[in-house]
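The block underneath contains the structure these notes are about, expressed in structure tokens.
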Amino acid sequence: MSVTDQTADTSNTPLPPQLIHQYTKDLSFEVPHGAAIFMALRSAPQVNINIDVQANQIKPAEAENGKPLFEVILSIKADATEALPEGETKKPRTVFITELAYAGVVTLNGGEIGQEALEAFLLVEVPRFLFPYARAIISDATREGGFPPVVLHPVDFMALYQSKRAQNFPEPAGEA
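Numbering-wise, our numbering comes out as the position in the sequence shown, counting from 1, plus 94.
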């Protein structure tokens, strides 16, 4: 009976993409009406959440060691306004605004990847990884600002990506 070496030759196998750094690029927390808003609040504020993802190449593959670098920025804005009683017609005051740009630097480590697959990776997979950290920062910022923490629900980044693509590249009308 002979023993064979079953280790695979991985010398030509490209390494998977790698998240090199993640960091808070920008964080802002603002209470426009100061202490007066705490006295005026009668109920929990209404919070509107906006999420966006952007990616850009920061180092081309031709540079240095042939590994392109990309920065992916997950932007989250939580805008809270006072909840008005039913029938109230005045404009609700802003309670707080928090804005976060949380970023990650990613390398592809070589290997061929199509443009569409690269775009989906950068705008779907990387934000999925960054989201829990950004979520914690938003929650901590609102709690430390003296308000109930804003706990973000999980985000379907694929749906966000598809929606953005549909806006940028609408399908021609009249085709069936």
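For glycine and all other residues, C-beta sits at the position ideal for the given N, C-alpha and C.
Predicted model only: the values in this text are computed from it and were never measured.
Worksheet item: So is Glu165 buried or exposed if we call it buried at 16+ other beta carbons inside 10 Å?
Response: On the sequence shown, position 71 is the one that residue 165 refers to. Flag for Glu165 reads buried.
Discussion item. Measuring only from the beta carbon, is Ala197 closer than 7 Å to any heavy atom that is part of the ligand ADP?
Written reply: Ligands in the displayed structure: none, and consequently the ligand ADP is not present.
Item to complete: Could you work out which residue in Asn262, Asp234 and Pro154 is closest to Ala172 when comparing CA atoms only?
Response: Mapped onto the sequence shown, residue 172 falls at position 78. Selected option, being the one with the closest Cα: Asp234.
Discussion item. Report the CB separation of Phe241 from Arg222 in whole angstroms; it is logged as a contact under 8 Å.
Written reply: For the purposes of this step, residue 241 is identified with residue 147 of the sequence shown, where counting begins at 1. For the purposes of this step, residue 222 is identified with residue 128 of the sequence shown, where counting begins at 1. Going by Cβ atoms, the distance from Phe241 to Arg222 rounds to 27 Å, so no, they are not a contact pair.
Fill in: Beta-carbon proximity list for Gln261, same chain, < 6 Å, skipping 5 on both sides
The count along the sequence shown starts at 1 and reaches residue 261 at position 167. None.
Worksheet item: Is the number of C-beta pairs between the region 120 to 128 and the region 140 to 148 that are closer than 8 Å three or more?
Response: no
Item to complete: Leaving out five residues on either side along the sequence, give the residues of the same chain with a beta carbon under 7 Å from the beta carbon of Phe225.
Response: Sequence index remark: in the sequence shown, residue 225 carries index 131 (1-based). Correct list, in chain order: Leu168 and Val249.
Worksheet entry | Of the listed residues Phe263, Val125 and Val147, nearest to Ala197 (C-alpha basis) | Here residue 197 refers to the residue found at position 103 when the sequence shown is read from its first residue. Cα-wise, what sits closest to Ala197 is Val147.
Worksheet entry | Three-state secondary structure (DSSP) of Thr236 | Along the sequence shown, one-based indexing puts residue 236 at 142. Thr236 falls in the helix class under three-state DSSP.
Worksheet entry | Contacts around Arg229, its chain only, beta-carbon distance under 6 Å, and the 5 residues preceding and following it disregarded | As a first step, residue 229 is located in the sequence shown; it is residue number 135 there, counting from the start. Closer than 6 Å at Cβ, skipping near neighbours: Leu246.
Worksheet item: Cα separation between Lys258 and Ile145?
Response: Against the sequence shown, residue 258 aligns to sequence position 164. Against the sequence shown, residue 145 aligns to sequence position 51. Cα-Cα distance, rounded: 12 Å.
Discussion item. Assuming contact is defined by CB atoms lying nearer than 8 Å, are Ala177 and Phe190 in contact in what I supplied?
Written reply: Here residue 177 refers to the residue found at position 83 of the sequence shown. Here residue 190 refers to the residue found at position 96 of the sequence shown. No, the pair does not count as a contact, with Cβ atoms beyond the cut-off.
Item to complete: Look at the alpha carbon of Leu163 and the alpha carbon of Pro186, and state the distance between them as a whole number of angstroms.
Response: Stepping through the sequence shown from its first residue, residue 163 is reached at position 69. Stepping through the sequence shown from its first residue, residue 186 is reached at position 92. Cα to Cα, the separation comes out at about 44 Å.
Worksheet item: Would Pro154 be called buried (16 or more neighbouring beta carbons within 10 Å of its own) or exposed?
Response: Taking the first residue of the sequence shown as 1, we reach residue 154 at position 60. Exposed, because fewer than 16 other Cβ atoms sit within 10 Å of the Cβ of Pro154.
Worksheet entry | Residue nearest to His115 in terms of C-alpha spacing, selected from Glu180, Gly208, Tyr227 and Glu213 | On the sequence shown, residue 115 is found 21 positions in, with the first residue counted as 1. Here the closest residue by C-alpha is Tyr227.
Fill in: CA-to-CA distance, Glu238 to Thr192, given in whole angstroms
Along the sequence shown, one-based indexing puts residue 192 at 98. Along the sequence shown, one-based indexing puts residue 238 at 144. Computed Cα separation, rounded: 12 Å.
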